[in-house]
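I have placed the structure first, in the form of structure tokens, so that the comments after it can refer back to it.
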Amino acid sequence: MSVDLRNVRLTYPDGDRALTALDEVSLRVDPGRFQAVAGPSGSGKSSLLAVAATLQRPDSGSVLVGGVDASGLSAAERTRLRLDEVGIVFQQPNLVSSLTAIEQLVAMRHMRGGSPKRYRAEASDLLATVGLDGKQHRRPHQLSGGERQRVNIARALVGGPSVLLVDEPTAALDHDRGARIVELLGEITRNHQVATVMVTHDTEYLESVDGVASMRDGRLSTASVAGVPR
Ligand code: ADP
Ligand code: MG
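First residue of the sequence shown: 233, per the numbering used here; consecutive thereafter.
Structure representation (structure tokens):
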């Protein structure tokens, strides 16, 4: 399924004025495509993901997930759509410190409804997908920063979402680890045929993505850099 933002405007209250975080943003990403959005801090990247994830309702414009317009759905239907179709890798690593890698994934499955026992096999497969085969029983403090990020990514894939939204996945990593995380996201995009949006202020890892859009002051421009050679 694709994710499709059309003419999205999002403002936040700012004293007696409004701060425009997203200014007529349009972006469509199809299954199997790895789209980057690059822009400086404060340009609106996390806001874009929040809207794409249907966590934040835009002031105007629309968000379609798999062709379904989220604004036409009830809150409960939106939540269902998000749980079924959208995987989110938040910028803040929000792993539970007392849970092992595999338990982080099983707990997520539980949130989505279902019995934890049945989902250990899925969790184990996903951890293998992200290269954490032998580390399933480690807790966050027994993993490196890159490995924790891999757990985050695996957790976002629980339940087989068709849209993957990733916020600054390289921010806390050194160059090599960052490059490998972006590579991994590209593999996942192709192998799982997800529509991936990765936002980043880092422009050094963008060789392997299918397209780069630039974000500045809430405005998105795709023309300048779309179709970066692979
Ligand atoms: P980025 O992820 O590119 O750093 P954000 O989407 O977080 O950008 O923020 C875009 C703009 O919106 C910034 O000016 C930020 O200060 C503002 N902003 C973000 N979240 C909120 C919020 N919850 N309330 C008010 N302003 C916000
Ligand atoms: Mg951000």
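Each residue gets a CB set at the ideal place from its N, CA and C atoms; glycine is no exception. Please read all numbers here as calculations on a predicted model, not as lab measurements.
Per DSSP, what kind of secondary structure is residue i in: helix, strand or coil?
i	result
Pro290	coil
Leu280	helix
Ser329	coil
Leu259	strand
Arg370	coil
Arg249	strand
Arg227	Coverage of the chain is limited to positions 233 through 462, which leaves residue 227 absent and any answer about it impossible.
Leu210	No answer is possible for residue 210: it lies beyond the span of the chain, which begins at 233 and ends at 462.
Leu254	strand
Thr243	strand
Val362	coil
Ala404	coil
Ala285	coil
Val269	strand
Val338	helix
Is residue i near ligand 2, judged by its Cβ being under 7 Å from some heavy atom?
i	result
Ser446	no
Gln381	no
Asp449	no
Asp434	no
Gln323	yes
Asp399	yes
How many angstroms separate the CA atom of residue i from the CA atom of residue j?
i	j	result
Ala253	Val297	21 Å
Ser456	Leu259	Residue placement at Ser456 is flagged as unreliable, the pLDDT there being 41, under the threshold of 50; the coordinate-derived value follows with that caveat. Their Cα atoms are separated by approximately 14 Å.
Asp434	Glu309	35 Å
Gly271	Met430	11 Å
Ala302	Asn423	27 Å
Gln368	Ala353	12 Å
Ala284	Gln374	33 Å
Gly274	Ala282	14 Å
Gly391	Gly304	24 Å
Gly264	Glu419	10 Å
Ser294	Val240	6 Å
Thr361	Ala386	8 Å
Glu317	Asp262	13 Å
Gln381	Asp449	28 Å
Leu251	Ser356	43 Å
Ala411	Thr402	8 Å
Thr332	Ala427	28 Å
Glu436	Ile334	31 Å
Gly378	Tyr244	33 Å
Leu337	Gly366	15 Å
Ala458	Val444	In this prediction, Ala458 scores a pLDDT of 42, lower than 50, which makes its location untrustworthy; the coordinate-derived value is nonetheless stated afterwards. Cα to Cα, the separation comes out at about 5 Å.
Gly466	Arg312	Residue coverage of the chain in this structure runs from 233 to 462, which leaves residue 466 outside it and unanswerable.
Thr432	Asp248	30 Å
Leu416	Val383	12 Å
Ser376	Ser453	35 Å
Asp236	Val414	22 Å
Secondary structure, beta strand (DSSP E): runs of 3+ residues fully inside the stretch 406 to 459: 427 to 432, 443 to 448 and 451 to 453
Test item, CB below 5 Å from any non-hydrogen atom of ligand 1: Tyr244, Ala253, Ser273, Gly274, Ser275, Gly276, Lys277, Ser278 and Ser279
Minimum length 4: unbroken alpha helix (DSSP H) runs contained in the stretch 289 to 325: 307 to 317
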